[in-house]
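What follows is a short report on a single structure.
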Amino acid sequence: MAFYPALPIRSLDDVRRLENTPLDEHLTAKNTYDIFVNAAAAFGDKTALRFLEAAEPGAESIAWSYNELLKGIHKTANMLQGLGVGSKGAVSILLPGCLEYHLALWGGEAAGIINPLNPLLSEENLIELMQASNTRVLIAYGDDADSGYWQKALNIMAKLPSLKTVLRVPPHGEVLGDISKSDLPVGVLDFYDAIDGQPDDRLVSGRQIKPDDIAAYFHTGGTTGSPKLAIHTHANQVFTAWASVQLQGISQKDVTINGYPLFHVAGVLPGSLASLSAGVEVIIPTLGLMRNREIVRNYWKLVEYHKITVVSAVPTALSALAAVPLEGADISTVVFCRTGAAPLPAELAERYQRLFNLKIQESLGMTEMAGISSITPPGVPSPVGCVGFPLPFSRYKIVALAANGDVSNHELEQGNTGMILAKSPNVFPGYLDKEATSNAFTSDGWLITGDLGFVDAQGRINLNGRAKDLIIRSAHNIDPKVIEEAIAAHPDVELCAAVGAPDDYAGEIPVAFVTLNKVCSITEAELVAFASQNVAEVPARPKSVTILDTMPLTNVGKIYKPELRRLAASAVQQLKHVGQPQN
319 MAFYPALPIR
329 SLDDVRRLEN
339 TPLDEHLTAK
349 NTYDIFVNAA
359 AAFGDKTALR
369 FLEAAEPGAE
379 SIAWSYNELL
389 KGIHKTANML
399 QGLGVGSKGA
409 VSILLPGCLE
419 YHLALWGGEA
429 AGIINPLNPL
439 LSEENLIELM
449 QASNTRVLIA
459 YGDDADSGYW
469 QKALNIMAKL
479 PSLKTVLRVP
489 PHGEVLGDIS
499 KSDLPVGVLD
509 FYDAIDGQPD
519 DRLVSGRQIK
529 PDDIAAYFHT
539 GGTTGSPKLA
549 IHTHANQVFT
559 AWASVQLQGI
569 SQKDVTINGY
579 PLFHVAGVLP
589 GSLASLSAGV
599 EVIIPTLGLM
609 RNREIVRNYW
619 KLVEYHKITV
629 VSAVPTALSA
639 LAAVPLEGAD
649 ISTVVFCRTG
659 AAPLPAELAE
669 RYQRLFNLKI
679 QESLGMTEMA
689 GISSITPPGV
699 PSPVGCVGFP
709 LPFSRYKIVA
719 LAANGDVSNH
729 ELEQGNTGMI
739 LAKSPNVFPG
749 YLDKEATSNA
759 FTSDGWLITG
769 DLGFVDAQGR
779 INLNGRAKDL
789 IIRSAHNIDP
799 KVIEEAIAAH
809 PDVELCAAVG
819 APDDYAGEIP
829 VAFVTLNKVC
839 SITEAELVAF
849 ASQNVAEVPA
859 RPKSVTILDT
869 MPLTNVGKIY
879 KPELRRLAAS
889 AVQQLKHVGQ
899 PQN
């Protein structure tokens with residue numbers, strides 16, 4: 319049986335009502351493979367996935383039904399099992415946005431463990447992740463596209479002896495026979511040749527997938543440094559899908575554009591698995607997803623053409639879409655507009671209400687909670703910064719920070735800000751690195767989310783930023799969001815981020831970075847003055863505002879603050895070098 323919303327969620331009491339039935343009775347699937355078996359039985363020939371070959375409304379697209387998707391999952395899982403992938407074997411994935419990604423994801427989890435990879439990581443990082451996961455098979459895109467997929471795959475194969483097989487997914491538009499088997503290096507197989515002839519109606523292995531079997535390794539961290547691999551069980555992912563369906567109220571009537579990259583939990587779990595568990599039609603907006611500027615330019619026309627009901631994107635993507643005029647597009651089919659992964663600027667929320675009559679509902683998600691922690695349901699009024707109700711069967715508490723920034727044992731009362739701790743069926747069992755795992759939990763088993771926030775009178779979680787983003791000036795904690803919202807209120811500002819710059823006297827001082835809307839003549843000095851007028855807290859007033867041509871972003875569209883902190887530190891060093899005082 320597919321997942322269906324049990325009741326409309328309008329309050330915490332509604333969430334708690336779901337808990338009156340034991341969780342095992344709610345979960346009609348015990349693993350992600352069951353989800354697709356159930357969905358095919360429930361929705362059959364209804365469209366599950368639609369890939370847009372171009373960004374223009376009405377352009378060619380490729381649609382797979384729920385039946386076709388399950389058949390492809392069977393063929394992929396059986397092929398991988400034939401290559402020696404067992405329940406503890408890892409399959410790494412290096413693909414752009416494409417239909418085959420879903421065969422790799424769900425067929426990979428039916429056979430063993432998936433390890434989706436960010437193509438923007440260095441080859442050294444990719445090899446490190448593949449070694450840590452004990453990868454034997456890599457599924458890679460057979461073209462360099464915009465991220466060098468195929469060249470990276472070949473380079474990795476040459477440097478990683480433990481990698482036994484690379485499955486080449488032919489680029490869209492490649493004619494059958496353009497690349498012959500003899501043209502492929504030793505150890506490389508054509509993906510479609512490899513699945514050809516495999517049974518499409520069952521798992522040949524007969525594997526009985528247990529809820530606590532490992533489903534995936536997802537890497538966390540940015541585009542530099544050494545990412546960590548977080549472990550997801552099938553139970554983690556199934557719960558995320560079911561809980562997302564309950565709080566979002568999604569069903570087979572819905573259509574959504576999933577523009578999140580599929581190496582990221584947001585795109586894979588709340589973005590895909592939850593939708594596909596409930597019969598939603600999921601649209602993949604070209605290989606480039608939301609990084610395709612033409613998709614952004616045509617977005618509202620695509621919403622009208624495909625009768626989109628659910629819009630979901632990170633705040634930076636929503637900001638880019640806010641600059642795209644409707645030009646007569648009818649977007650009245652949209653009933654839910656959701657965001658997460660980064661703070662929502664109040665000005666952006668107001669703009670969406672004014673320009674599009676859309677209320678942006680916020681959610682909280684993290685890799686360590688299989689992609690989702692709390693959701694503001696459709697139609698529920700909420701202030702900016704409120705990320706909604708906890709998931710059913712989940713519990714949170716807010717604790718004070720100790721003087722050194724670590725969590726304390728002191729639980730705070732309602733309305734007071736502190737570190738958010740969580741216990742939930744989708745909390746991950748840990749990282750592959752045992753030391754990193756021990757640092758992620760309190761001694762009594764609560765997940766340390768790293769988010770600062772409070773619980774309001776309605777039982778909703780409200781965020782005040784990330785603990786590591788706090789600017790600490792002479793022992794004074796400054797929330798960068800205060801600065802960012804003040805500067806973002808200026809009509810010429812497109813994006814704004816505040817970080818701490820190192821200071822010999824104060825430890826850190828606040829500085830800000832902005833990008834501007836189109837062609838603007840405002841100066842950095844004028845923005846500093848504007849910030850000083852609008853930031854009430856004197857210590858939080860930024861010492862400088864730097865105008866950037868482009869804001870550094872991660873591949874999922876979050877502002878990449880480590881790069882901004884590097885720029886801030888570099889500017890401090892330059893000032894010291896020329897002998898200028900910083901303050």
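Numbering (our numbering), first residue to last: 319 to 901. For every residue, glycine included, the Cβ atom is placed at its ideal position computed from N, Cα and C.
Which of the three DSSP states is assigned to residue i in this structure?
i           : result
residue 688 : coil
residue 441 : helix
residue 707 : strand
residue 818 : strand
residue 368 : strand
residue 702 : coil
residue 841 : coil
residue 353 : helix
residue 649 : coil
residue 558 : helix
residue 728 : strand
residue 345 : coil
residue 644 : coil
residue 327 : coil
residue 850 : helix
residue 859 : coil
residue 569 : coil
residue 522 : coil
On the DSSP letters alone, give me the boundaries of the alpha helix (DSSP H) that residue i sits inside.
i           : result
residue 611 : 611-624
residue 501 : Unbroken run through residue 501: none, as it is neither H nor E.
residue 718 : Not the alpha helix (DSSP H): residue 718 falls in the beta strand (DSSP E), residues 713-719.
residue 674 : 664-674
residue 595 : 592-595
residue 573 : Element bounds for residue 573: not the alpha helix (DSSP H) but the beta strand (DSSP E), 573-575.
residue 513 : 509-513
Just curious, the beta strand (DSSP E) that residue i is in, first and last residue?
i           : result
residue 538 : 532-538
residue 547 : 546-551
residue 681 : 678-682
residue 638 : Where residue 638 is concerned, there is no enclosing beta strand (DSSP E), although the alpha helix (DSSP H) it sits in stretches over 633-640.
residue 865 : 863-865
residue 825 : 825-834
residue 654 : 654-657
residue 602 : 599-602
residue 628 : 628-630
Hey, how far is the Cα of residue i from the Cα of residue j?
i           : j           : result
residue 605 : residue 578 : 11 Å
residue 336 : residue 592 : 17 Å
residue 712 : residue 820 : 39 Å
residue 804 : residue 849 : 6 Å
residue 807 : residue 683 : 26 Å
residue 407 : residue 733 : 46 Å
residue 540 : residue 580 : Any answer about residue 540 is weak, because its pLDDT of 41 lies below 50 and its placement is not dependable; what the coordinates show is given next. Looking at the two C-alpha atoms, the distance is approximately 15 Å.
residue 518 : residue 731 : 55 Å
residue 566 : residue 364 : 21 Å
residue 543 : residue 758 : Residue placement at residue 543 is poorly supported in this model, since its pLDDT is 46, which falls under 50; the coordinates are not used for a value here.
residue 395 : residue 585 : 21 Å
residue 387 : residue 418 : 10 Å
residue 626 : residue 724 : 44 Å
residue 774 : residue 681 : 15 Å
residue 742 : residue 891 : 45 Å
residue 508 : residue 576 : 27 Å
residue 817 : residue 877 : 11 Å
residue 838 : residue 869 : 16 Å
residue 752 : residue 450 : 12 Å
residue 706 : residue 779 : 6 Å
For residue i and residue j, which I take to be in contact (beta-carbon distance under 8 Å), what is that distance rounded to the nearest angstrom?
i           : j           : result
residue 600 : residue 590 : 6 Å
residue 801 : residue 843 : The pair is not a contact, with the Cβ atoms about 16 Å apart (cut-off 8 Å).
residue 361 : residue 384 : 4 Å
residue 401 : residue 455 : 6 Å
residue 651 : residue 636 : About 18 Å; that fails the 8 Å criterion.
residue 738 : residue 729 : Residue 738 to residue 729, Cβ: 12 Å. No contact.
residue 769 : residue 784 : 6 Å
residue 409 : residue 453 : 7 Å
residue 719 : residue 745 : Incorrect: roughly 21 Å between the Cβ atoms, too far for contact.
residue 685 : residue 538 : 5 Å
Got a sec: is the Cβ-Cβ distance from residue i to anything in chain C below 8 Å?
i           : result
residue 688 : Of the chains in the structure shown, none is chain C; there is only one protein chain.
(request) Any chance you could list the beta strand (DSSP E) runs of at least 3 consecutive residues sitting entirely within the region 730-815, in chain order? (result) If we require 3 residues or more, the beta strand (DSSP E) runs fully inside the region 730-815 come out as 736-741, 765-773, 779-784, 789-791 and 794-796.
(message) Threshold first: 3 residues or longer. Then list the beta strand (DSSP E) segments lying entirely within the region 413-484, N to C.
(response) Correct list: 431-434 and 453-459.
(request) Please specify which runs of the alpha helix (DSSP H), each continuous and at least 4 residues long, are wholly inside the region 377-408, giving them in chain order. (result) Annotation note: the region 377-408 contains the following uninterrupted alpha helix (DSSP H) runs of length 4 or greater, listed N- to C-terminal: 384-400.
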